[in-house]
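Read in order, the letters of the sequence shown are residues 1 to 287 in UniProt numbering.
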Amino acid sequence: MSTRRELTGWLFVLPMLIVFLSFVIYPVIQAFKSSLYGFDYTQYYWNGLGNYITIFQDETFLKSIRTTLLFVILIVPAQTVIALCISLTINSFSSKLQSFYKAVFYVPGVTSVVSLAMVWDYIYNNQFGFANYALSLVGMEPVNWLGINFGVYALSLIVITITLGTAVVVISAGLDGIPQELYESANIDGATSKRILFSITLPLLKPSLLYVVVTGMIAAFQIFTVILLMTGGGPAYKTTTILMLIYREAFMNMNFGAANAMGIVLCLIITTIAIIQFKLLKTDIEY
């Protein structure tokens with residue numbers, strides 16, 4: 001019986017396991033093998049760790065790492081905190097209003113990124129954009145939102161608005177799963193709203209928050225479309241992320257070895273940070 005039960009489980013898992021091995025693990029292995037080769041426009045040749053040494057001696061790559069980390073620092077905490085505040089607010093509404101607001105916040109996540117980028121491009125326009133118009137109403141000078149000084153922050157805001165809906169839905173689902181009896185007992189004991197938040201809500205939301213933080217971090221490390229459409233990585237590489245640089249090396253410079261080396265480095269960075277997040281946010285609380 002035990003063998004049959006395990007076999008049944010593996011049969012259910014097998015289709016997804018085949019997809020995962022074929023389209024995730026196998027490409028990663030091939031990317032690592034490719035990162036050990038060079039290309040001189042005529043043939044591939046064994047290069048060992050040469051590509052890794054080269055990219056870490058490249059100031060542009062090092063700058064792209066710093067830029068990518070800045071995006072992650074700006075996006076993930078802001079997205080998590082804002083989504084938590086919104087979820088706590090709409091959780092007190094009726095079921096119909098909750099569904100309405102969840103749908104409203106989720107719409108940007110299922111809308112074409114190209115369309116959203118065009119809208120934000122008009123908002124950030126230096127001459128007739130809404131952002132500078134709003135500044136003019138309070139007597140402030142116009143700002144080059146996609147320039148050297150504000151480019152990273154302006155793009156981070158776009159990404160937050162696009163990905164916020166998913167975080168709201170996940171955290172709201174976590175809130176719905178917390179037993180109401182716990183809140184009733186806390187109210188009977190005279191617990192304040194602050195004490196309820198930090199002693200009941202946040203501890204029991206840890207699994208949902210862990211999912212939001214980890215997936216948000218992975219998405220922030222892989223920002224590409226918005227940057228490609230809005231700034232192209234400029235000006236002066238100020239908005240060039242690792243993924244943007246990988247795209248340039250692979251499809252513009254045809255330097256697939258270096259591009260795959262950057263991809264492996266990016267994979268290792270994401271994996272390391274994800275493991276740390278799992279260690280910090282894991283919980284044994286059940287309800």
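Glycine is no exception: its CB is placed at the ideal position from the N, C-alpha and C atoms.
Worksheet item: In three-state DSSP terms, what is Y106?
Response: Looking up residue 106 in the sequence shown gives position 106. Here Y106 carries a helix assignment [DSSP, helix/strand/coil].
Worksheet item: Across which residues does DSSP place F39 in a beta bridge pair?
Response: Taking the sequence shown and counting its residues from 1, one reaches residue 39 at position 39. Looking at the DSSP output, F39 bridges to Y44.
Discussion item. Mapping the DSSP letters down to three states, classify W120 as helix, strand or coil.
Written reply: Within the sequence shown, numbered from 1, the residue matching residue 120 stands at position 120. Looking at W120 - three-state DSSP - the assignment turns out to be helix.
Discussion item. Please state whether the Cβ-Cβ distance between T201 and I178 is less than 8 Å.
Written reply: What you label residue 201 is simply residue 201 of the sequence shown in a count that begins at 1. What you label residue 178 is simply residue 178 of the sequence shown in a count that begins at 1. It is a contact, given that the beta carbons lie within the stated cut-off.
Worksheet item: Span of the alpha helix (DSSP H) holding residue 335?
Response: Since the displayed the chain opens at 1 and closes at 287, residue 335 lies outside it and no answer follows.
Worksheet entry | First through last residue of the alpha helix (DSSP H) which encompasses I223 | Locating residue 223 in the sequence shown gives position 223, where the first residue counts as 1. No alpha helix (DSSP H) contains I223, which DSSP labels as neither H nor E.
Worksheet item: Along the chain, where does the alpha helix (DSSP H) that runs through Y133 open and close?
Response: As a position in the sequence shown, residue 133 is number 133, starting the count at 1. Taken as a continuous stretch (DSSP letters only), the alpha helix (DSSP H) holding Y133 covers F130 to L137.
Practice prompt. Would you mind working out which of I269, V152, T272 and I246 sits nearest T231, comparing C-alpha positions?
Written response: As a first step, residue 231 must be located in the sequence shown, where it is residue number 231. Ranking the options by Cα distance to T231, first place goes to V152.
Worksheet item: So what does DSSP say about K96, is it helix, strand or coil?
Response: Against the sequence shown, residue 96 aligns to sequence position 96. Here K96 sits in helix by DSSP.
Practice prompt. Give every residue of the same chain whose Cβ lies closer than 7 Å to the Cβ of I196, excluding the five residues on either side of it in the sequence, and list them in chain order.
Written response: Position 196 of the sequence shown, counted from the first residue, corresponds to residue 196. Result list for I196: Y183 and A186, in chain order.
Practice prompt. Closer than 8 Å by C-beta to A274: which residues in its own chain qualify, once you throw out the five before and the five after it? Chain order, please.
Written response: Along the sequence shown, one-based indexing puts residue 274 at 274. Hits under 8 Å: V214, M217 and I218.
Discussion item. I'd like the list of long-range same chain contacts for L243, defined as Cβ closer than 6 Å, with 5 residues on each side in sequence excluded.
Written reply: The residue labelled residue 243 in the question sits at position 243 within the sequence shown. If you ignore the 5 residues before and after L243, its C-beta comes within less than 6 Å of the C-beta of Q222 and F224, all in its own chain and listed in chain order.
Discussion item. Threshold first: 4 residues or longer. Then list the alpha helix (DSSP H) segments lying entirely within the region 197 to 285, N to C.
Written reply: You should have 206 to 221, 225 to 230, 242 to 251 and 256 to 281.
Worksheet entry | With 16 other Cβ atoms within 10 Å as the buried cut-off, status of W120 | On the sequence shown, position 120 is the one that residue 120 refers to. With a threshold of 16 other beta carbon atoms within 10 Å, W120 meets it and is buried.
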